[in-house]
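Q: I am attaching a structure below and will ask some questions about it afterwards.
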Amino acid sequence: MTGAHYMDSDSSSTPPVRVRLAPSPTGFLHIGNAFLALIDAAFARRHGGRFLIRIEDTDQERFIPEAEAAIYDGLRWLGLEWDEGPDAGGPAGPYRQSERLPRYQAAAAELVGMGRAYHCWCSPERLDEMRRQQQGRKQPPKYDRLCLGKTEAERKALGGYSERPVVRLLMPTEGQATFQDAIRGPITFEYALLQDPVILRSNGFAVYHLAAMVDDREMGISHVLRGEEWISSTPIHMQIYDAFGWELPVIAHTPLLLNTDRGKISKRKHPWAKMSWFREEGFLPAALLNYLGGLVVHVPDPENVDPSVDRELFGFDEIVEHIDLQRIGPSGKIFDLDKLTSLNGQYIRRLSLGELQDAVHPFLEAAGLHVGGDPKLPRALALEHERLRRLSEAPYVLSFFFRDEDYDASLLIPKGLDRNRALELLRAARREIDSVASGPEGWTATALEASFRALAERLGLKTGRERGQLIGAGVVRVAVTGRTAGPPLFETMEVLGDETVIRRMDEALNRLLSLAA
Ligand code: GLU
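Written as structure tokens, this is what we have:
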């Protein structure tokens, strides 16, 4: 194996920075992989290097064809770009492992030839039995090397034999392996605790340990940035590098993303394990990128600090400027959905009304609110803009502007009032509405506000709480919107128009009347 075949220029100087994301297309893009991709992309850019994607699809049983497209979609949506990959091409291709199988087979054969690996014909049944016995003796599972040093004929005579062998890497049995992790510092392993891993399956497909090492080498990867779950495999990889006489790349195991309970983000339990969830839930890619970036870089003296969330707004360029493997730190990064949601709200507030309208459009359509051309939409959206934290909230917070909604009539009786008092307030409000609708100032929020202020006084509503029972979260708001909370009420009524408001108030009066006194 010579490796790095694509490099045709001067190789005596420091190798160029080349990093890769090596996802397995076994489902969807996991948020942890997007996090890693951001670190890769920023690190490559920081050092004038290249970021490539390699699809690790050698595990054919778990392979899902659509998953590869989902990886690209998710990363592109987040705003990341890569220089080489199955779709982008590049000098070190092919970039799909299933298209590189002969390379791994040759590497395995070479390792066997050097005495650094051996064929193993043990049947799955024999291996199961061996494991059971080891468990019974309370020993850690470890291949007993029955096949080591035997010819096929010798091995066949012993039983527990299967026709098509796997290849196992011969690991040292004593001593230690130490490597320098660029994020974690030195990490040491005892070889005595490790077993001879399978590196080539009986169907000729390479296992990750072999395929990834061959590819990292041939693709000239200078920095292997990968998840911390691979730490314990590193001594295996070091043996492969050692056997071929290759120099180890820089290795850095990135911290995991954790939930706020410090548990792993699991695809079964947490919908946000899926990158696509963020898009579906109305997060803006810039907010997610900013949030993930904030978990690995510190951007000093930010321009825009929102004290309510204690998180600064920045983009990819700032992440590039500040990324530093040594400052990432080894411990798991807490992925706090609430913080991300607040940050998303900030990004939404920075959109222009037109941009916001475009952004919420698909959400409204999906919810059956076909109101794209309705002149009320921009006005309603302007009232909700401040409070929106996810685009997916748009259908709920906007729907009552466009359709009469069903609500529980008991909502019309605010806390602390009875039905008759609620009726009294609503009737008075209804008369007020009529006079504004036909009044000289016309149907405006200002006119409505002035007339309701006067009404509150006439009704003797002195405290804020009492006025709230009429307007804020009270009987008029419920009558007009079907909700106890929402945007400023008089502006809302202005946008709704007098006809709708009058119709809904009459309907509310009927509902109240139909409740038992
Ligand atoms: N296919 C492996 C994974 O998805 C790649 C690990 C690596 O980056 O080396 O976890």
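Mind the numbering: the sequence shown is residues 5 to 521 in the numbering used here, read in order.
Just so it is clear, CB atoms sit at the ideal spot from N, CA and C, and this is done for glycine as well.
1. Residue range of the alpha helix (DSSP H) that Gln180 falls in?
2. Considering just the uninterrupted stretch of the beta strand (DSSP E) at Trp125, what are its terminal residues?
3. Which two residues bound the contiguous alpha helix (DSSP H) that contains Gly297?
4. Applying the 10 Å Cβ sphere with the 16-neighbour rule, what's the burial state of Gly286?
5. Which residues in the same chain have their Cβ closer than 7 Å to the Cβ of Glu232, if we skip the five residues on either side of it in sequence?
6. Would you kindly work out how many angstroms separate the C-alpha atoms of Glu156 and Ala48, rounded to a whole number?
7. By Cβ distance, which residues of its chain are closer than 7 Å to Ala92, with the 5 residues on each side in sequence left out?
8. Exposed or buried, Thr192, counting other C-beta atoms within 10 Å across all chains shown (16 or more means buried)?
9. So, at 7 Å on beta carbons, what are the nonlocal neighbours of Pro399 in its own chain, with the 5 sequence-adjacent residues on each side left out?
10. With Arg469 and Val484 assumed to form a contact (beta carbons below 8 Å), what rounded beta-carbon distance in angstroms separates them?
11. Counting only beta-carbon atoms, is Leu513 nearer than 7 Å to chain B?
12. At a cut-off of 6 Å, would you count Ala215 as near the ligand FMN, judging by its Cβ distance to the nearest heavy atom?
13. Return the residue from the list Trp281, Phe282, Leu288, Ile323 that minimises the CA-CA distance to Val300.
14. Helix, strand or coil, according to DSSP, for Arg508 in the structure here?
15. By the DSSP assignment, the beta strand (DSSP E) with His257 in it spans what residues?
16. Please tell me whether, using a cut-off of 6 Å, the distance from the CB of Glu60 to the nearest non-hydrogen atom of the ligand GLU is below it.
17. Expressed to the nearest angstrom, what Euclidean distance is found between the alpha-carbon atoms of Val228 and Arg50?
18. Quick one: complete alpha helix (DSSP H) runs, 4+ long, within the region 145-208?
19. Looking at the structure shown, is Ser316 part of a helix, part of a strand, or coil, going by DSSP?
20. Considering Cα atoms alone, identify which of Glu88, Ile417, Leu79 is closest to Gly53.
21. Cutting at 6 Å between CB atoms, please list the residues of its own chain near Arg22, excluding the five before and the five after it.
22. Using the Cα positions of Glu325 and Met279, report the straight-line distance between them to the nearest angstrom.
23. Given a threshold of 16 other Cβ atoms within 10 Å of its Cβ, counted over all protein chains shown, does Glu436 qualify as buried or as exposed?
A: So, from the data block:
1. In the sequence shown, counting from the first residue as 1, residue 180 sits at position 176. Taken as a continuous stretch (DSSP letters only), Gln180 belongs to no alpha helix (DSSP H), being part of the beta strand (DSSP E) at 180-185.
2. Position 121 of the sequence shown holds residue 125. Note, Trp125: beta strand (DSSP E), 121-126.
3. On the sequence shown, residue 297 is found 293 positions in, with the first residue counted as 1. Taken as a continuous stretch (DSSP letters only), the alpha helix (DSSP H) holding Gly297 covers 289-298.
4. The residue labelled residue 286 in the question sits at position 282 within the sequence shown. When all chains shown are included, Gly286 counts as buried.
5. In the sequence shown, residue 232 corresponds to position 228, counting from 1. Within the same chain, Glu232 has close Cβ partners His257, Thr258, Pro259, Leu260.
6. Walking along the sequence shown from the start, residue 156 turns up at place 152. Walking along the sequence shown from the start, residue 48 turns up at place 44. Between Glu156 and Ala48, the alpha-carbon positions lie close to 47 Å from each other.
7. As a working mapping, residue 92 is identified with position 88 in the sequence shown. Counting only Cβ-Cβ distances below 7 Å, and skipping sequence neighbours, we find Trp86.
8. Counting from one through the sequence shown, the residue named residue 192 turns up at place 188. Thr192 counts as exposed, since fewer than 16 other beta carbons sit within 10 angstroms of its beta carbon.
9. Within the sequence shown, numbered from 1, the residue matching residue 399 stands at position 395. Counting only Cβ-Cβ distances below 7 Å, and skipping sequence neighbours, we find Phe367, Leu368, Ala371, Leu373.
10. Position 465 of the sequence shown, counted from the first residue, corresponds to residue 469. Position 480 of the sequence shown, counted from the first residue, corresponds to residue 484. Contact between Arg469 and Val484 is absent: CB atoms are separated by about 20 Å, not below the 8 Å threshold.
11. You won't find chain B in this structure, because it holds only one protein chain.
12. This structure simply doesn't include the ligand FMN; it includes the ligand GLU instead.
13. Numbered from 1 along the sequence shown, position 296 holds the residue referred to as residue 300. Nearest option by C-alpha distance: Ile323.
14. Counted from its first residue, the sequence shown places residue 508 at position 504. Three-state result, Arg508: helix.
15. Position 253 of the sequence shown, counted from the first residue, corresponds to residue 257. From DSSP, the beta strand (DSSP E) with His257 extends over 254-258.
16. Indexing the sequence shown from 1 puts residue 60 at position 56. Indeed, a heavy atom of the ligand GLU lies less than 6 Å from the Cβ.
17. Counted from its first residue, the sequence shown places residue 228 at position 224. Counted from its first residue, the sequence shown places residue 50 at position 46. About 16 Å.
18. Counting only runs of 4 or more, we get 156-160.
19. Taking the first residue of the sequence shown as 1, we reach residue 316 at position 312. Note that residue 316 is Glu in the sequence shown here, rather than Ser. Looking at Glu316 - three-state DSSP - the assignment turns out to be strand.
20. Residue numbering aside, residue 53 sits at position 49 when the sequence shown is read from its first letter. Gly53 has its Cα closest to that of Glu88, out of Glu88, Ile417, Leu79.
21. For the purposes of this step, residue 22 is identified with residue 18 of the sequence shown, where counting begins at 1. Gly53, Arg54, Gly224, Ile225, Ser226, listed in sequence order.
22. As a position in the sequence shown, residue 325 is number 321, starting the count at 1. As a position in the sequence shown, residue 279 is number 275, starting the count at 1. Cα to Cα, the separation comes out at about 25 Å.
23. Translated into positions along the sequence shown, residue 436 becomes position 432. Taking all protein chains in view, the Cβ of Glu436 is crowded by 16 or more other Cβ atoms within 10 Å, so the residue is classified as buried.
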